[in-house]
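Participant: First, the structure itself, so that you have it in front of you.
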Amino acid sequence: MADTSSPASQSQRILFVISEYGYWGEELVGPLEAVTAAGYSADFATPKGTKPLALPPSMDPSYVDPPLGRTVTTAEMADKVKALESSDTLANPINLSNWLPQRPYLSSPTYLDDLYAYNHRLDEIGKEIARKYDALVLVGGSGPILDVANNKRAQDLIRLFLRSDKPVAGICYGVAALAFTRDEITGKSIVHGKRVTGHPLIHDYNDGHGYLHVDGIFPGAPYPLESILTDAVGPDGQFIGNVGKAYSVIVDYPIITARTTYDSALCGEKLVAVLRQGLKRYGW
Numbered sequence: 001m002a003d004t005s006s007p008a009s010q011s012q013r014i015l016f017v018i019s020e021y022g023y024w025g026e027e028l029v030g031p032l033e034a035v036t037a038a039g040y041s042a043d044f045a046t047p048k049g050t051k052p053l054a055l056p057p058s059m060d061p062s063y064v065d066p067p068l069g070r071t072v073t074t075a076e077m078a079d080k081v082k083a084l085e086s087s088d089t090l091a092n093p094i095n096l097s098n099w100l101p102q103r104p105y106l107s108s109p110t111y112l113d114d115l116y117a118y119n120h121r122l123d124e125i126g127k128e129i130a131r132k133y134d135a136l137v138l139v140g141g142s143g144p145i146l147d148v149a150n151n152k153r154a155q156d157l158i159r160l161f162l163r164s165d166k167p168v169a170g171i172c173y174g175v176a177a178l179a180f181t182r183d184e185i186t187g188k189s190i191v192h193g194k195r196v197t198g199h200p201l202i203h204d205y206n207d208g209h210g211y212l213h214v215d216g217i218f219p220g221a222p223y224p225l226e227s228i229l230t231d232a233v234g235p236d237g238q239f240i241g242n243v244g245k246a247y248s249v250i251v252d253y254p255i256i257t258a259r260t261t262y263d264s265a266l267c268g269e270k271l272v273a274v275l276r277q278g279l280k281r282y283g284w
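Take a look at the structure:
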């Protein structure tokens, strides 16, 4: 964990994983502003190394979220997202496909050698993460459903951060990657027994769920995140939607989860509190 007695140095960094099929602007800007204000630097990664793009509704102050029946993006936030989009900040993200190895198939004629090389490479990356990064943030939006949630390299990355006792934060549909990431020994989700929040059923779209680089509009997300999380945490954990409450951010160390767009800045603030103040529990 970061030194809680002094300000962060320029070498302290947070890694943000962002979908290439569309991220929600505030769900990157909110935590990014919080950690940079606290003195942390940021690196960005995408599954294939191409520049991520914000979903157009997240830059439109007039966009009305159908389940909520109101706008969810302020003019100020829209301008911030547009400024980020027009800058070169996200132009050259880390390519997860190049950085992390692919788990070998059992059908490989050299499976045992391949598996040794795979695990050896993960051990090397784990040491790099331990030296270089303080935390991992999984940015939300509809895009992560397609290329982050069940991305085996992203799951390895999450496990490596947790192995080094580094906090991992997920926002909105970025939380799905936490549910799908399994402990390699027990086979249970890494959020098993944890308290988590995420996009609740009552906030899910009936249709009009869209992605970048994909033709057509989908009739809602391909899975209900609340149901996935409820199953993943098991009988000893709890999904906490905080429906009707202004904010929903849950810290159950080392996991931090944020429900949706307007919880993004608070998620970043609580991540800083985890790193600086040793916060272990919040929101439950």
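Numbering of the sequence shown is given in this note's numbering, commencing with residue 1 and proceeding in unit increments.
A virtual CB, placed ideally from N, CA and C, is assigned to each residue, including glycine.
How long is the line joining the alpha carbons of residue 114 and residue 48, rounded to whole angstroms?
Facilitator: Counting from one through the sequence shown, the residue named residue 114 turns up at place 114. Counting from one through the sequence shown, the residue named residue 48 turns up at place 48. Answer to the nearest angstrom: the Cα atoms are 22 Å apart.
Participant: Using 10 angstroms around the beta-carbon of residue 213, count the other beta-carbons present and answer buried if the total reaches 16, otherwise exposed.
Facilitator: The count along the sequence shown starts at 1 and reaches residue 213 at position 213. Counting C-beta atoms within 10 angstroms of its own C-beta, residue 213 has fewer than 16 neighbours from the protein chains shown and is therefore classed as exposed.
Participant: Could you name each continuous alpha helix (DSSP H) segment of 4 residues or more that falls completely within the segment 171-218, going from the start of the chain to the end?
Facilitator: 176-180
Participant: Report the three-state DSSP secondary structure of residue 136 (helix, strand or coil).
Facilitator: Taking the first residue of the sequence shown as position 1, residue 136 is located at position 136. Three-state result, residue 136: strand.
Participant: Is residue 134 near residue 40, with beta carbons less than 8 Å apart?
Facilitator: The residue labelled residue 134 in the question sits at position 134 within the sequence shown. The residue labelled residue 40 in the question sits at position 40 within the sequence shown. Yes, the pair counts as a contact, with Cβ atoms nearer than the cut-off.
Participant: Beta carbon of residue 86, beta carbon of residue 52: below 8 Å?
Facilitator: Residue 86 sits at position 86 when you count from the first residue of the sequence shown. Residue 52 sits at position 52 when you count from the first residue of the sequence shown. Not a contact, by the Cβ cut-off of 8 Å.
Participant: Does the beta-carbon of residue 78 have 16 or more other beta-carbons within 10 angstroms, so that it is buried, or is it exposed?
Facilitator: Translated into positions along the sequence shown, residue 78 becomes position 78. By the neighbour-count rule (16 or more Cβ atoms within 10 Å), residue 78 is buried.
Participant: Taking the beta carbon of residue 5 as the centre, do at least 16 other beta carbons fall within 10 Å, making it buried, or is it exposed?
Facilitator: As a position in the sequence shown, residue 5 is number 5, starting the count at 1. Note on residue 5: pLDDT 38, under 50, position unreliable in the model; the coordinate value appears next. Exposed, by the Cβ-count rule.
Participant: Classify residue 12: buried if its beta carbon has 16 or more other beta carbons within 10 angstroms, exposed otherwise.
Facilitator: Here residue 12 corresponds to residue number 12 of the sequence shown, with the count starting at 1. Looking at its Cβ environment, which holds 16 or more other Cβ atoms inside 10 Å, residue 12 is buried.
Participant: Give the C-beta separation of residue 258 and residue 172 to the nearest angstrom, bearing in mind that I take them to be a contact with Cβ-Cβ under 8 Å.
Facilitator: Residue mapping note: residue 258 aligns to position 258 of the sequence shown, counting from 1. Residue mapping note: residue 172 aligns to position 172 of the sequence shown, counting from 1. Yes, residue 258 and residue 172 are in contact; Cβ-Cβ is about 7 Å, under 8 Å.
Participant: Taking the alpha-carbon positions, what's the residue 262 to residue 27 distance?
Facilitator: Looking up residue 262 in the sequence shown gives position 262. Looking up residue 27 in the sequence shown gives position 27. Approximately 8 Å between the Cα atoms of the pair.
Participant: Give me, in chain order, the residues of the same chain whose beta-carbon lies closer than 8 Å to that of residue 182; leave out the 5 immediate sequence neighbours on both sides.
Facilitator: For the purposes of this step, residue 182 is taken as the residue at position 182 of the sequence shown. The beta carbon of residue 182 sits closer than 8 Å to those of 155, 188, 189 and 190, all from its chain and outside the five residues before and after it, given in chain order.
Participant: How about residue 76 and residue 265: are their beta carbons less than 8 Å apart?
Facilitator: Numbered from its first residue, the sequence shown carries residue 76 at position 76. Numbered from its first residue, the sequence shown carries residue 265 at position 265. Not in contact: residue 76 and residue 265 (Cβ atoms no closer than 8 Å).
Participant: Use the C-beta contact count for residue 80: other C-beta atoms within 10 angstroms, 16 or more gives buried, fewer gives exposed.
Facilitator: As a working mapping, residue 80 is identified with position 80 in the sequence shown. Classification of residue 80: buried, given that the 10 Å Cβ count is 16 or more.
Participant: Which residue wins for smallest C-alpha separation from residue 128, given the options 97, 163 and 116?
Facilitator: Within the sequence shown, the letter at position 128 stands for residue 128. Taking only the C-alpha atoms, the option nearest residue 128 is 163.
Participant: Does DSSP classify residue 12 as helix, strand or coil?
Facilitator: Stepping through the sequence shown from its first residue, residue 12 is reached at position 12. DSSP places residue 12 in coil when its eight states are reduced to three.
Participant: If you pair each beta-carbon of the segment 62-71 with each one of the segment 98-114, do three or more pairs fall below 8 Å?
Facilitator: no
Participant: Which residue from 268, 250 and 260 puts its Cα closest to that of residue 280?
Facilitator: Position 280 of the sequence shown, counted from the start, is the residue given in the question as residue 280. Residue 280 has its Cα closest to that of 250, out of 268, 250 and 260.
Participant: Going along the chain, which residues of its own chain have a beta-carbon closer than 6 Å to the beta-carbon of residue 218, five neighbours each way excluded?
Facilitator: If you number the sequence shown from 1, residue 218 lands on position 218. Excluding five sequence positions before and after residue 218, the CB atoms of its chain that fall closer than 6 Å to its own CB belong to 209, given in chain order.
Participant: For residue 86, does the three-state DSSP call read helix, strand or coil?
Facilitator: Here residue 86 refers to the residue found at position 86 of the sequence shown. Note: residue 86 maps to helix in three-state DSSP.
Participant: Alpha carbon to alpha carbon, what distance is there between residue 237 and residue 211?
Facilitator: Along the sequence shown, read from residue 1 onward, the residue named residue 211 stands at position 211. Along the sequence shown, read from residue 1 onward, the residue named residue 237 stands at position 237. Straight-line Cα distance between these residues: approximately 31 Å.
Participant: Could you check if residue 68 is buried or exposed, using at least 16 other CB atoms within 10 Å of its CB as the buried criterion?
Facilitator: Locating residue 68 in the sequence shown gives position 68, counting from the first residue. So residue 68 ends up on the exposed side.
Participant: I'd like the span of the beta strand (DSSP E) that includes residue 251, first residue to last.
Facilitator: As a first step, residue 251 is located in the sequence shown; it is residue number 251 there, counting from the start. Under the DSSP assignment, residue 251 falls in the beta strand (DSSP E) whose first and last residues are 249-252.
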